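Chains A and B supply the protein sequences, listed in that same order.
First residue of the first sequence? That's 70 in our numbering, and the numbers climb one at a time after it.
First residue of the second sequence? That's 70 in our numbering, and the numbers climb one at a time after it.
In this text, a Cβ means the ideal position worked out from N, Cα and C, and glycines have one as well.
Remember, predicted model here, so these are calculated numbers, not experimental data.
There are 2 protein chains.
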Amino acid sequence: MVKFGSNAVIGQSGGPTAAINASLAGALQSLISHQEITKVYGMSNGIEGLLKEKLYDLRNYFDERSDGISVLKTTPGAALGSCRYKLPDTDCDDNNIYKSLFDILKKYQIGYFFYIGGNDSMDTIAKVSEYATKNNIDLKCVGIPKTIDNDLVMTDHTPGFGCAAKYIATVFAEMRRDTAVYSQKAVTVVEVMGRDAGWLTAASSLSKTEYTDGVDLIYLPETPFSYDKLFTDIERIWKNHSDVLIAVSEGIRLENGKYVGADGSIKDKFGHLKLSGAAKVVEEKIKNRFGCKVRSVELNTPQRCASHISSLTDIEESFDIGGFAVKMAFEGNTGVMSGIVRNSDCPYSSHFELFDIKSIANKVKSVPDNFIDTENSFVTEKAVSYLKPLIFGEVYPIYDSGIPKHFIFPKI
Amino acid sequence: MVKFGSNAVIGQSGGPTAAINASLAGALQSLISHQEITKVYGMSNGIEGLLKEKLYDLRNYFDERSDGISVLKTTPGAALGSCRYKLPDTDCDDNNIYKSLFDILKKYQIGYFFYIGGNDSMDTIAKVSEYATKNNIDLKCVGIPKTIDNDLVMTDHTPGFGCAAKYIATVFAEMRRDTAVYSQKAVTVVEVMGRDAGWLTAASSLSKTEYTDGVDLIYLPETPFSYDKLFTDIERIWKNHSDVLIAVSEGIRLENGKYVGADGSIKDKFGHLKLSGAAKVVEEKIKNRFGCKVRSVELNTPQRCASHISSLTDIEESFDIGGFAVKMAFEGNTGVMSGIVRNSDCPYSSHFELFDIKSIANKVKSVPDNFIDTENSFVTEKAVSYLKPLIFGEVYPIYDSGIPKHFIFPKI
Numbered sequence: 070m071v072k073f074g075s076n077a078v079i080g081q082s083g084g085p086t087a088a089i090n091a092s093l094a095g096a097l098q099s100l101i102s103h104q105e106i107t108k109v110y111g112m113s114n115g116i117e118g119l120l121k122e123k124l125y126d127l128r129n130y131f132d133e134r135s136d137g138i139s140v141l142k143t144t145p146g147a148a149l150g151s152c153r154y155k156l157p158d159t160d161c162d163d164n165n166i167y168k169s170l171f172d173i174l175k176k177y178q179i180g181y182f183f184y185i186g187g188n189d190s191m192d193t194i195a196k197v198s199e200y201a202t203k204n205n206i207d208l209k210c211v212g213i214p215k216t217i218d219n220d221l222v223m224t225d226h227t228p229g230f231g232c233a234a235k236y237i238a239t240v241f242a243e244m245r246r247d248t249a250v251y252s253q254k255a256v257t258v259v260e261v262m263g264r265d266a267g268w269l270t271a272a273s274s275l276s277k278t279e280y281t282d283g284v285d286l287i288y289l290p291e292t293p294f295s296y297d298k299l300f301t302d303i304e305r306i307w308k309n310h311s312d313v314l315i316a317v318s319e320g321i322r323l324e325n326g327k328y329v330g331a332d333g334s335i336k337d338k339f340g341h342l343k344l345s346g347a348a349k350v351v352e353e354k355i356k357n358r359f360g361c362k363v364r365s366v367e368l369n370t371p372q373r374c375a376s377h378i379s380s381l382t383d384i385e386e387s388f389d390i391g392g393f394a395v396k397m398a399f400e401g402n403t404g405v406m407s408g409i410v411r412n413s414d415c416p417y418s419s420h421f422e423l424f425d426i427k428s429i430a431n432k433v434k435s436v437p438d439n440f441i442d443t444e445n446s447f448v449t450e451k452a453v454s455y456l457k458p459l460i461f462g463e464v465y466p467i468y469d470s471g472i473p474k475h476f477i478f479p480k481i
Numbered sequence: 070m071v072k073f074g075s076n077a078v079i080g081q082s083g084g085p086t087a088a089i090n091a092s093l094a095g096a097l098q099s100l101i102s103h104q105e106i107t108k109v110y111g112m113s114n115g116i117e118g119l120l121k122e123k124l125y126d127l128r129n130y131f132d133e134r135s136d137g138i139s140v141l142k143t144t145p146g147a148a149l150g151s152c153r154y155k156l157p158d159t160d161c162d163d164n165n166i167y168k169s170l171f172d173i174l175k176k177y178q179i180g181y182f183f184y185i186g187g188n189d190s191m192d193t194i195a196k197v198s199e200y201a202t203k204n205n206i207d208l209k210c211v212g213i214p215k216t217i218d219n220d221l222v223m224t225d226h227t228p229g230f231g232c233a234a235k236y237i238a239t240v241f242a243e244m245r246r247d248t249a250v251y252s253q254k255a256v257t258v259v260e261v262m263g264r265d266a267g268w269l270t271a272a273s274s275l276s277k278t279e280y281t282d283g284v285d286l287i288y289l290p291e292t293p294f295s296y297d298k299l300f301t302d303i304e305r306i307w308k309n310h311s312d313v314l315i316a317v318s319e320g321i322r323l324e325n326g327k328y329v330g331a332d333g334s335i336k337d338k339f340g341h342l343k344l345s346g347a348a349k350v351v352e353e354k355i356k357n358r359f360g361c362k363v364r365s366v367e368l369n370t371p372q373r374c375a376s377h378i379s380s381l382t383d384i385e386e387s388f389d390i391g392g393f394a395v396k397m398a399f400e401g402n403t404g405v406m407s408g409i410v411r412n413s414d415c416p417y418s419s420h421f422e423l424f425d426i427k428s429i430a431n432k433v434k435s436v437p438d439n440f441i442d443t444e445n446s447f448v449t450e451k452a453v454s455y456l457k458p459l460i461f462g463e464v465y466p467i468y469d470s471g472i473p474k475h476f477i478f479p480k481i
């Protein structure tokens with residue numbers, strides 16, 4: 070078993086979130102305090118930057134006296150930069166990518182490899198770890214999960230999901246107050262992110278409390294979508310009040326499997342269909358059917374970067390899971406992802422565990438059947454019990470002259 | 070001079086904002102404390118509800134012991150309900166609308182009439198006040214301004230603008246962190262509300278601070294928009310960094326006067342063109358020109374209802390101007406709007422004054438030339454000095470189980 074050294078490298082990958090920097094901050098706080106680690110490197114733009122040796126020497130940016138760690142904790146995006154880079158299979162290294170990668174790891178004396186991301190990123194860490202094992206290299210590879218989509222298997226939920234869910238629930242409660250001001254019949258269709266898993270769309274249900282009337286109808290990608298059913302649902306709500314507020318996932322599909330908002334022609338490099346406009350399509354259908362006032366709203370990127378209203382539960386878990394990953398690597402674990410195990414809903418409590426990375430990469434966790442009501446137009450109490458604690462508590466960024474203060478690395 | 074009585078009625082009208090209920094709360098706190106006012110009525114859905122005698126007896130909902138006033142202060146929307154109702158000219162009362170209205174005012178012994186709204190609502194109060202004067206009726210009519218658009222003349226700025234501006238500036242700073250995560254050339258086009266006045270779009274400039282790089286290019290409806298100029302501007306920004314963040318007003322117009330996002334066929338009852346999709350149109354043009362990754366984002370209704378991040382300056386002024394309007398009515402003023410006069414930018418201070426309602430109704434205040442840079446693609450330091458203090462300070466709603474608590478009147 071060859072060991073390159075005991076330096077550490079950490080990277081971020083995939084779509085940005087409001088909590089991915091909290092995980093980076095948590096891992097960094099732990100890494101920086103370990104004096105046996107001489108260098109803590111940050112990959113600029115994930116593995117893509119690592120392959121070009123674009124590395125931050127992170128101790129230069131943080132020390133115990135500065136407020137860097139706490140500002141980073143509430144900065145949205147992915148402070149180190151991100152990438153969408155798919156490694157080839159470890160037995161198909163025709164372009165010598167693994168050779169280049171491991172030459173760089175050797176040059177920088179890396180013994181610890183951390184990667185924060187979603188299921189595509191866990192695929193990366195699975196492969197790096199597999200290659201190391203096959204070649205008898207002592208490299209501790211630990212994945213730190215993040216995705217607003219909450220679609221990773223094994224972990225109870227993903228860091229980043231709670232912040233997005235809180236933003237969505239809050240904005241639905243607020244949009245409800247906005248739609249309620251006029252008395253004529255009207256429909257507002259709000260499109261929520263989540264291509265194949267309806268977790269974020271389901272979170273709109275949390276806008277319905279004893280203090281607000283929130284969302285009326287929720288359509289997830291897990292069940293087939295039907296316009297006739299939608300029209301019946303709208304007429305049912307109109308019996309109670311004139312303004313109908315609807316949440317649709319960007320990924321709702323018709324009975325025939327066709328995405329409502331798909332143009333069908335564009336796929337990204339992981340083979341995912343690029344969707345847009347489900348709410349716009351639904352808006353037109355409702356206008357044609359009822360001739361009433363209809364507005365569509367696409368919540369868009371603020372869903373994943375609105376760190377001005379973050380879930381305390383999510384930010385604290387995201388921070389702590391970063392520290393846990395570092396601890397687990399130091400204890401000799403590799404080829405694993407740190408995940409969250411829920412102890413109880415109410416009062417909410419959780420702890421961290423390790424999961425085999427191969428059981429996570431490239432899999433998608435959908436909203437289960439018993440979370441969706443029998444009418445397929447709302448979620449169940451069971452879903453609400455699961456979702457609710459994840460948005461508990463508020464964290465606010467530090468403001469300067471009315472604007473949140475963010476942590477920004479210089480470009481390298 | 071006939072006096073119907075000394076009861077008061079208050080209504081809200083026009084588009085909802087995050088601060089219109091703060092003005093209602095401020096006026097109510099003052100009205101409720103005046104024991105000589107036996108009844109304080111709230112119009113359900115503005116003057117439209119008043120004409121149907123849909124009135125709340127507001128003392129029943131608020132007393133000094135409850136937290137109603139403070140919850141109302143941070144509730145978005147228009148708690149009493151709103152309308153878009155245009156009164157006829159006072160000398161054209163063919164349908165006896167003024168007769169009906171004043172019969173109702175007499176029945177409820179109204180001596181004080183308050184209306185919170187934008188320039189269309191000031192038109193309403195101008196007419197009600199004019200009719201009262203012509204018919205020798207002692208009715209004190211005072212307008213309380215609100216509009217996120219900041220397009221009312223005379224007042225330095227409008228209550229509601231600061232909250233919307235703070236949300237926009239904050240979200241631009243956050244979207245900047247989101248767009249900065251990838252290294253390839255990309256453009257994000259964000260559409261901001263404001264049909265004919267670019268105040269809200271200009272507020273995106275506040276996202277550019279020493280702590281964030283914010284918005285790159287700003288296009289207002291006050292100057293002609295040109296695609297060739299846009300392409301040159303994008304290429305200039307690309308020399309500095311790969312992700313270009315652009316703010317466009319929904320009302321940007323080409324040299325020939327045509328709205329970029331207009332379908333041209335729909336007008337509302339005040340004769341305003343209904344716009345949508347300027348950012349979408351610009352997105353397509355940039356894609357076709359450069360073939361790079363382009364995303365368009367329409368900030369949409371959260372701009373006017375995201376009270377989860379409110380400007381302290383705006384909420385306090387909105388609350389206080391409500392109280393000022395009541396005081397002025399009691400001092401015998403009528404046919405006036407309470408407005409804000411700025412004493413200084415830095416440190417910011419302001420006071421309230423009354424303005425003749427006829428000098429305000431149906432007029433629009435545009436962003437002045439010296440607020441727009443010579444390239445027509447950003448705003449000047451003078452604009453920033455004007456805008457900045459309006460977003461100072463943060464107010465957060467009261468949260469319960471992770472969701473903001475809102476004040477909701479039962480429907481009548």
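Range covered by the beta strand (DSSP E) that runs through residue i
i              : result
proline 214/A  : 209–214
tyrosine 154/B : Here tyrosine 154/B belongs to no beta strand (DSSP E), and DSSP marks it neither H nor E.
serine 365/B   : 362–367
arginine 373/A : Not the beta strand (DSSP E): arginine 373/A falls in the alpha helix (DSSP H), residues 371–374.
alanine 347/A  : Looking at the DSSP string, alanine 347/A is not in any beta strand (DSSP E); the run it does join, the alpha helix (DSSP H), is 347–359.
Alpha carbon of residue i to alpha carbon of residue j, nearest angstrom
i                   : j                   : result
serine 407/B        : aspartate 158/B     : 23 Å
lysine 396/B        : proline 290/B       : 38 Å
threonine 193/A     : alanine 242/B       : 30 Å
valine 453/A        : lysine 168/A        : 48 Å
glutamate 386/A     : glycine 404/A       : 21 Å
isoleucine 287/B    : glutamate 450/B     : 14 Å
alanine 348/A       : asparagine 219/B    : 30 Å
cysteine 415/A      : proline 145/B       : 30 Å
phenylalanine 476/B : glycine 137/B       : 7 Å
valine 222/A        : glutamate 319/B     : 42 Å
serine 295/B        : glycine 330/B       : 13 Å
asparagine 76/A     : aspartate 425/A     : 23 Å
aspartate 302/B     : alanine 147/B       : 40 Å
threonine 86/B      : valine 436/A        : 35 Å
leucine 368/B       : phenylalanine 399/A : 45 Å
isoleucine 481/B    : glutamate 352/B     : 45 Å
valine 197/A        : glycine 84/A        : 20 Å
Secondary structure of residue i, DSSP reduced to three states
i                : result
isoleucine 315/B : strand
asparagine 439/A : helix
methionine 70/B  : coil
arginine 264/A   : coil
serine 139/A     : helix
glutamate 450/B  : helix
asparagine 76/B  : strand
serine 419/A     : strand
Residues that DSSP places opposite residue i in a beta bridge
i                : result
histidine 226/A  : Paired residues: none, contrary to the question.
proline 473/A    : Tyr468/A
methionine 406/A : Gly212/A and Phe424/A
isoleucine 481/B : Isoleucine 481/B pairs with nothing; no bridge assigned.
Residue range of the unbroken alpha helix (DSSP H) whose run includes residue i
i                : result
glutamate 105/B  : Where glutamate 105/B is concerned, there is no enclosing alpha helix (DSSP H), given that its DSSP letter is neither H nor E.
threonine 257/B  : Note, threonine 257/B: premise wrong, no alpha helix (DSSP H); beta strand (DSSP E) at 255–261.
valine 395/B     : 381–399
aspartate 297/B  : 296–307
isoleucine 116/A : 115–120
Cβ-heavy atom distance, residue i to the ligand SAH, below 8 Å
i             : result
proline 145/A : With respect to the ligand SAH, the structure shown offers nothing to examine, as it has no ligands at all.
Give the list of continuous beta strand (DSSP E) stretches no shorter than 3 residues that lie fully inside the region 150–190 of chain B.
179–186
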